[in-house]
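What follows is a short report on a single structure.
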Amino acid sequence: MTDVVVELCVDDLDGALVADRSGADRIELCADLLEGGTTPSAGLVRSVLRAVRHVGVQVIVRPRGGDFTYDDGELDVMCADLEAVAALAASLSTEHSAGREGVTEVGVVLGALTAASEVDVPAMRRLLAAAGPLPVTFHKAIDATPDLLAAYDVLRSLGVRRVLTAGGPGTAAEGADVLAELVRRSAASPDAPEVLVGGGVRAAGVGSLLAATGASSVHLRAMSPSPRGDGTLRTDPAVVAEFLAAVGRGSGSPGVADAADGPDAADAANAADAVSPADAADAASAGSPAGAAGAVSVAGSESPGGAVRHPSPSRSAVVAVDIGGTSFKGAVVDDSGRTVLSLSVAAGATGAESIDLVIGLLHELRATARASGHDVVGVGVVTPGMVDAERGVVLFASTLGWTDVPLGPILSAELGVPVEIDHDVRTSGLAESLFGASAGVADSVLVAVGTGVAASITSGGQAVRGALTAAGELGHVPAVPGGEACTCGQHGCLEVYLSGAGVARRYAAHGGLPGLDTAAVVARVGGVEGVGTGVDAVADRVWADGVRALALGLTSLTLLVDPAVIVLAGGVSRAGAALVDPLRAELAAGLAWRAAPEVRLSELGTHGGRIGAAVLAFRAGGRGSVVDSWSRADLLAE
Numbered sequence: 005m006t007d008v009v010v011e012l013c014v015d016d017l018d019g020a021l022v023a024d025r026s027g028a029d030r031i032e033l034c035a036d037l038l039e040g041g042t043t044p045s046a047g048l049v050r051s052v053l054r055a056v057r058h059v060g061v062q063v064i065v066r067p068r069g070g071d072f073t074y075d076d077g078e079l080d081v082m083c084a085d086l087e088a089v090a091a092l093a094a095s096l097s098t099e100h101s102a103g104r105e106g107v108t109e110v111g112v113v114l115g116a117l118t119a120a121s122e123v124d125v126p127a128m129r130r131l132l133a134a135a136g137p138l139p140v141t142f143h144k145a146i147d148a149t150p151d152l153l154a155a156y157d158v159l160r161s162l163g164v165r166r167v168l169t170a171g172g173p174g175t176a177a178e179g180a181d182v183l184a185e186l187v188r189r190s191a192a193s194p195d196a197p198e199v200l201v202g203g204g205v206r207a208a209g210v211g212s213l214l215a216a217t218g219a220s221s222v223h224l225r226a227m228s229p230s231p232r233g234d235g236t237l238r239t240d241p242a243v244v245a246e247f248l249a250a251v252g253r254g255s256g257s258p259g260v261a262d263a264a265d266g267p268d269a270a271d272a273a274n275a276a277d278a279v280s281p282a283d284a285a286d287a288a289s290a291g292s293p294a295g296a297a298g299a300v301s302v303a304g305s306e307s308p309g310g311a312v313r314h315p316s317p318s319r320s321a322v323v324a325v326d327i328g329g330t331s332f333k334g335a336v337v338d339d340s341g342r343t344v345l346s347l348s349v350a351a352g353a354t355g356a357e358s359i360d361l362v363i364g365l366l367h368e369l370r371a372t373a374r375a376s377g378h379d380v381v382g383v384g385v386v387t388p389g390m391v392d393a394e395r396g397v398v399l400f401a402s403t404l405g406w407t408d409v410p411l412g413p414i415l416s417a418e419l420g421v422p423v424e425i426d427h428d429v430r431t432s433g434l435a436e437s438l439f440g441a442s443a444g445v446a447d448s449v450l451v452a453v454g455t456g457v458a459a460s461i462t463s464g465g466q467a468v469r470g471a472l473t474a475a476g477e478l479g480h481v482p483a484v485p486g487g488e489a490c491t492c493g494q495h496g497c498l499e500v501y502l503s504g505a506g507v508a509r510r511y512a513a514h515g516g517l518p519g520l521d522t523a524a525v526v527a528r529v530g531g532v533e534g535v536g537t538g539v540d541a542v543a544d545r546v547w548a549d550g551v552r553a554l555a556l557g558l559t560s561l562t563l564l565v566d567p568a569v570i571v572l573a574g575g576v577s578r579a580g581a582a583l584v585d586p587l588r589a590e591l592a593a594g595l596a597w598r599a600a601p602e603v604r605l606s607e608l609g610t611h612g613g614r615i616g617a618a619v620l621a622f623r624a625g626g627r628g629s630v631v632d633s634w635s636r637a638d639l640l641a642e
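Numbering-wise (our numbering), the sequence shown opens with residue 5 and increments by one.
As C-alpha cells, this is what we get:
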C-alpha cells in the first residue's frame, strides 16, 4: 500500500498545514462541513495556497448545501468562483517561477445533477470551461445517481480528472463491489477518471477496503474535537499519522515536518513518532488529540518503549446517546446490556454547535470503550422532534434548532460505524415494551409527561409512526375545547394543563405561591391519601384540571388504538399516586361501555432513552439478537 494517495478534507488553514506537514498528498479545502462542504472564502484559499509547501489543494466549489441541482444564477456564482480559483492558481504559478519554494497542484471539486439525479451534462460543460486548466474532481454527488457506472462513463467523456465516491449512498465498505468495477474501468483507459474512495474511510478498515477494491486513492476527514472545548473540530495530527501508518506511510514520508517548519509542525511530527499503531487507532476512533493518548490508558499496559498500548477489543459494545433539549447523555453499553461508561455534555447554543458536540461525545465514548477492551459495533441516537428513522433525518426539532438534519448519515460518515436514530419517546416505548412495564404486551402506549407530553404507540408489536413521523403528539390533542392558548398556536392542548411547564405556569397564573415548580405544587395537593398537605385550594384545582385533561386525552387514545396497557413516564409521573389514582378513576368514568386499559408507572424511568438507543445500536450493527438475553437488573445497573 506504499503508493496509496491520501486526500484529507479540511476547513481551515491549520488543517491544511497539518496535512502538508504530515505527508498527506492532497487536501479538499472547503467551508461548512456540516452541509457536506461549500465554497471556502477567497481569503482562505489564498492563505492556504501561499502557506503549503507539498500538499495538493483541491478547492470545492459548491454554492450551498442540499442537492446538486443548480439554476442558472447558482451556476453563474460557481463559474465566478472557478475563475477566481484559476486566477489564484495562476498567481501562485507566477510566484513559483520567481523562485518561491514548493510545488502545489491546484484543482477544484464540483458536481451538478439534474432533477432526476443524472449528471447534468450542459451544466458540467459550462463549469469545466470556467475551470480552464484546473483538474476537476467530480463531487461525491455521483453516489446519488441511479446508475453510478453509467454516470462515471459520462464523466469520462467530459474529461473529469477524478471521481470521489463511496460506490453508492452508504459507506465505501458497503459499496466495495461497485468501487472495484470503477477501479477496473479507470485502469483500463488512460483517459478514465481516477477513483478517489471516500465515505466512512478509517484506518481500522482501510487495508481491507483497498484490498477489496484495488483502489489507490482515499479521501477522509481526520478530525477530533478542538482543544478549545467550544464544540468545533480540528484536523488532528495523531489521527493523520495513524492513518498514514495504516497505508504504509511512516514518519519518513515526504512532507513530514522537521524542526525548520516551526513549533506547530514539530508538534505534528512528534505526535506521529510518539503514538504507537495501537494508540493511534484509539486516537483515530476517538478523534482525541495525540497528547491525550495516555489519558485513555485504562486497562492498558506499557510497551518497553513506555508508550501505552490498549488491549485488543475482546467483546462488542455500542454507544447510546439520548439527546435532550438542554443536555446530551451518552453511554457505552456492552453486550450484556450493562453500562460501561456514561458521559454528558450541555447542548450547544446553535444547531450546528449541537451536532459538533454530539460528534465529540461519540468520539470520546468510543475511545474509552476501546481503551477498556470493547469493540464498538454500532451507535444509537434518540432525539426529540420529528424524526425520519428510515433515512436517519431529523426533520424538525425546535429545541435544538434542527431542520432536515441528516444526523444519521453525518454521524455514520464521521465514525465509520452503522448509526441508527429515532424519536426519544418512541424509543423509550420500545425499551419499556421489551424490558419494562409493558413487556410482553403487543398493544400498549407509553405516555411521557415532562416539559411537554408525547406518546409512543405500539400496535401489534410494531411502533406507529404516522405519515409525517409525528404519531404520538398527545400533548397537542385539544383536551379542553376553546381552552387556554398553547405555544403551538392551538387552544386547549393537553400539555397546557398537564406538563411540567403547564402545571407550574397555571398555578402561578391562578394566584398560587410564587416560584413553585410542578413537584412543589403536587406536594400541596390534597384529596389523595398519603399525598400532599391538602392546604392549597389553587394547587388542588390546577392539578384536578390537569388530571382531567390527561384523562380526556387518554380516553380518545384508548378508543382509537385500543391499548391493553398505558405506561406513564417522565418527570410529572413521579407524582405517583397523586397522578395515577385520580387518573384511573377519570379514565374509567370516561369509558362507559368498555373497560379502561391498565395504567402503570414506568419501570425504566429516565433510563428508557439510553436503553432504547442501545437496542437501536446493536440492531444497526447487525447484532440485534444480543438484546434477547438482557435482564432488567443489568440494564439498570450503574
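Built from N, CA and C at the ideal position, the CB exists for glycine as well.
Apart from sequence neighbours up to five positions away, the residues of its chain that approach ALA401 with a beta-carbon distance below 7 Å are THR387, PRO388, GLY389, ordered along the chain.
The straight-line gap separating the alpha-carbon atoms of ARG165 and GLY218 is approximately 18 Å.
Residues SER320, VAL381 of the same chain have their beta carbon placed closer than 7 Å to that of ARG627, with the five preceding and five following residues left out of the count. For ARG130, same chain residues with a beta-carbon under 8 Å away, outside a window of 5 residues either side, are LEU79, CYS83 in chain order. Under DSSP, the beta-bridge partners assigned to ARG319 are HIS378. In terms of Cα proximity to GLY252, the closest of VAL9, GLY341, THR431 is VAL9. Sequence-distant partners of GLY456 (beyond 5 residues in either direction) whose C-beta falls short of 7 Å from its own C-beta, in its chain, are GLY479, GLU499, SER503. The C-beta separation of LEU595 from THR562 comes to about 6 Å, placing the pair in contact by the 8 Å criterion.
Annotated three-state conformation of ASP18 is helix, per DSSP. When the beta-carbon positions are compared, PHE332 and LEU365 come within less than 8 Å of each other. Measuring C-alpha to C-alpha distances from ASP75 to each of LEU450, ARG545, VAL112, PRO126 identifies PRO126 as the nearest. A distance below 7 Å between beta-carbons, with the five flanking residues on each side excluded, links ALA553 to the following residues of its chain, in chain order: ALA483, VAL484, LEU498, TYR501, LEU502. In the structure shown, THR387 adopts extended strand secondary structure according to DSSP, grouped into three states. With respect to the 8 Å criterion, VAL59 and VAL89 are not classified as neighbours on the basis of their beta carbons. Under the three-state reduction of DSSP, PRO126 is assigned to helix. In the displayed model, GLY179 falls within coil according to three-state DSSP, outside both helix and strand.
Around the beta carbon of ASP195, fewer than 16 other beta carbons sit within 10 angstroms, so the residue counts as exposed. Residue burial annotation: TRP597 is exposed, with fewer than 16 other C-beta atoms found within 10 angstroms of its C-beta. By the C-beta criterion, the region 442–456 is judged not to be in contact with the region 585–592, since fewer than 3 inter-stretch pairs fall below 8 Å. DSSP lists PRO482 as the bridge partner or partners of CYS497. Annotation for TRP597: no alpha helix (DSSP H) segment contains it, and DSSP assigns it neither H nor E. Judged by DSSP secondary structure, LEU33 falls within the beta strand (DSSP E) whose first and last residues are 30–33.
Spatial neighbours of ASP85 in its own chain (CB-CB distance under 6 Å, excluding positions within 5 residues in sequence) are listed in chain order as THR43, VAL65. In chain order, PHE72, GLY115, LEU117 place their CB closer than 7 Å to the CB of ALA145, counting only its own chain and leaving out the 5 sequence neighbours on each side. Here VAL383 is not near ALA573, since their CB atoms are 8 Å or more apart.
Under the Cβ criterion (8 Å, minimum of three pairs), the region 149–167 counts as touching the region 180–193.
Distances from the alpha-carbon of GLY609 to those of TYR511, LEU361, GLY209, SER432 put SER432 closest.
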